[in-house]
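> Handing you a structure now.
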Amino acid sequence: DIQMTQSPSTLSASVGDRVTITCRASQSISSWLAWYQQKPGKAPKLLIYKVSTLESGVPSRFSGSGSGTEFTLTITSLQPDDFATYYCKQYSSYSQYTFGQGTKLEIK
Amino acid sequence: QVQLVQSGAEVKKPGASVKVSCKASGYTFSGYYMHWVRQAPGQGLEWMGRINPNTGDTNYAQRFQGRVTMTRDTSITSAYMELSRLRSDDTAVYYCARVGTTFNAFDIWGQGTMVTVSS
Chain A
178 DIQMTQSPST LSASVGDRVT ITCRASQSIS SWLAWYQQKP GKAPKLLIYK VSTLESGVPS
238 RFSGSGSGTE FTLTITSLQP DDFATYYCKQ YSSYSQYTFG QGTKLEIK
Chain B
86 QVQLVQSGAE VKKPGASVKV SCKASGYTFS GYYMHWVRQA PGQGLEWMGR INPNTGDTNY
146 AQRFQGRVTM TRDTSITSAY MELSRLRSDD TAVYYCARVG TTFNAFDIWG QGTMVTVSS
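Top line first, the protein sequences correspond to chains A and B.
Quick note: the first sequence uses our numbering, first residue 178, plus one each step.
Quick note: the second sequence uses our numbering, first residue 86, plus one each step.
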């Protein structure tokens, strides 16, 4: 099975900061990488799919990049609403999906 | 609008089974894969499997093989996830989620169903 490792597990930042979250796959996953945001007590929300495509309605301060085994989610100019937990997720050709363990973005 | 509405919270005893439903509306149910994801209290997201609502074909995560069954009823645009031989560590929120035209990403999620396993 493909494992996804996110770093850091926790990130403290301030409003207006630029932050980057990294997701590493145990083997190449082509472009089947997505990012989700989850707030306490709520279902996850899709932010980015196919590595870098922004889901409709998601602010442009969110961006994704990467290839092969290393991927990043960047949030520029953090807003109060962005403090949440973020997950990457991969899809493999064996019809299996794996989430990263999550990165909690906290207010400094 | 496109939405997924799940059944209510459940409390089960160890060894029992639970069946969670997910009612889809606002789109062509048979046209999009439905997935199930769970989240134990304070933990991350875990993919359980998926069903093709058109054919009924399923793929399950290896760790749930033999214990999970995903089905659908196209006449009422609903998907179901049944988990058997429940253990205390199956206590979690269970979500259904749709893959839209988003390259295997889940664009619509249900509100979640809390399943508590306790003696």
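A virtual CB, placed ideally from N, CA and C, is assigned to each residue, including glycine.
Taking the alpha carbon of T143/B as the reference point, which residue from M199/B, H120/B, T159/B, G127/B has its own alpha carbon closest?
Counted from its first residue, the second sequence places residue 143/B at position 58. Taking only the C-alpha atoms, the option nearest T143/B is H120/B.
> Compile a chain-ordered list of the residues in the stretch 130-163 of chain B whose CB is closer than 8 Å to at least one CB of chain A.
The stretch 130-163 of chain B vs chain A, Cβ under 8 Å: L130, E131, W132, R135, N144, A146, Q147.
> Is F260/A close to chain B? Criterion is C-beta to C-beta, closer than 8 Å.
Along the first sequence, one-based indexing puts residue 260/A at 83. Not closer than 8 Å to any Cβ of chain B, the Cβ of F260/A fails to qualify, so no.
> Answer with yes or no whether the minimum CB distance from G127/B to chain A is below 8 Å.
Indexing the second sequence from 1 puts residue 127/B at position 42. Judged by the 8 Å Cβ criterion, G127/B is not in contact with chain A.
> Would you report the Cα separation of E247/A and E167/B, rounded to the nearest angstrom?
Here residue 247/A corresponds to residue number 70 of the first sequence, with the count starting at 1. Here residue 167/B corresponds to residue number 82 of the second sequence, with the count starting at 1. Approximately 35 Å, taken between the alpha carbons.
> If we count Cβ pairs, one from each stretch, closer than 8 Å, do we get three or more for the stretch 188-204 of chain B versus the stretch 234-246 of chain A?
Too few Cβ pairs lie closer than 8 Å, so no.
> Return the first residue and the last residue of the beta strand (DSSP E) that L130/B is part of.
Along the second sequence, one-based indexing puts residue 130/B at 45. Taken as a continuous stretch (DSSP letters only), the beta strand (DSSP E) holding L130/B covers 130-136.
> Compare the C-beta of W194/B against all C-beta atoms of chain A and say whether one is closer than 8 Å.
Reading the second sequence from its first residue, position 109 is the one you call residue 194/B. Interface residue, yes.
> Give the interface partners of E232/A over in chain B, defined as CB-CB distance under 8 Å, in chain order.
Position 55 of the first sequence, counted from the start, is the residue given in the question as residue 232/A. Simply T187, A190, D192.
> If we ignore side chains and look at the alpha-carbon of each, how far apart do T182/A and K108/B end up?
Stepping through the first sequence from its first residue, residue 182/A is reached at position 5. Stepping through the second sequence from its first residue, residue 108/B is reached at position 23. In a straight line, the C-alpha of T182/A is about 33 Å away from that of K108/B.
> Using a Cβ-Cβ cut-off of 6 Å (strictly less than) and excluding sequence neighbours within five positions of R129/A, which residues of its own chain qualify?
What the structure shows of chain A is the stretch from 178 to 285, and residue 129/A is not part of that stretch, so it cannot be assessed.
> I need the boundaries of the beta strand (DSSP E) containing F149/B, first residue and last residue.
Along the second sequence, read from residue 1 onward, the residue named residue 149/B stands at position 64. Run containing F149/B: none; DSSP gives neither H nor E here.
> Using CA coordinates, which residue listed in Q214/A, I179/A, D258/A is at the minimum distance from I198/A?
The sequence position of residue 198/A within the first sequence is 21, counting from 1. The candidate whose alpha carbon is nearest that of I198/A is Q214/A.
> Three-state secondary structure (DSSP) at S207/A?
On the first sequence, position 30 is the one that residue 207/A refers to. Coil.
> Mind pulling the chain A residues with CB within less than 7 Å of G197/B?
Along the second sequence, one-based indexing puts residue 197/B at 112. By Cβ distance, chain A contributes A220.
> Helix, strand or coil: how does DSSP classify I161/B here?
Looking up residue 161/B in the second sequence gives position 76. Residue state, collapsed to three classes: helix.
> Closer than 7 Å by beta-carbon distance: list the chain A residues that pair up with Y180/B, in chain order.
In the second sequence, residue 180/B corresponds to position 95, counting from 1. Residues of chain A passing the Cβ test: A220.
> Quick check: is the beta carbon of Q278/A nearer than 8 Å to any beta carbon in chain B?
Here residue 278/A refers to the residue found at position 101 when the first sequence is read from its first residue. Yes, Q278/A lies at the interface with chain B (some Cβ there is under 8 Å from its Cβ).
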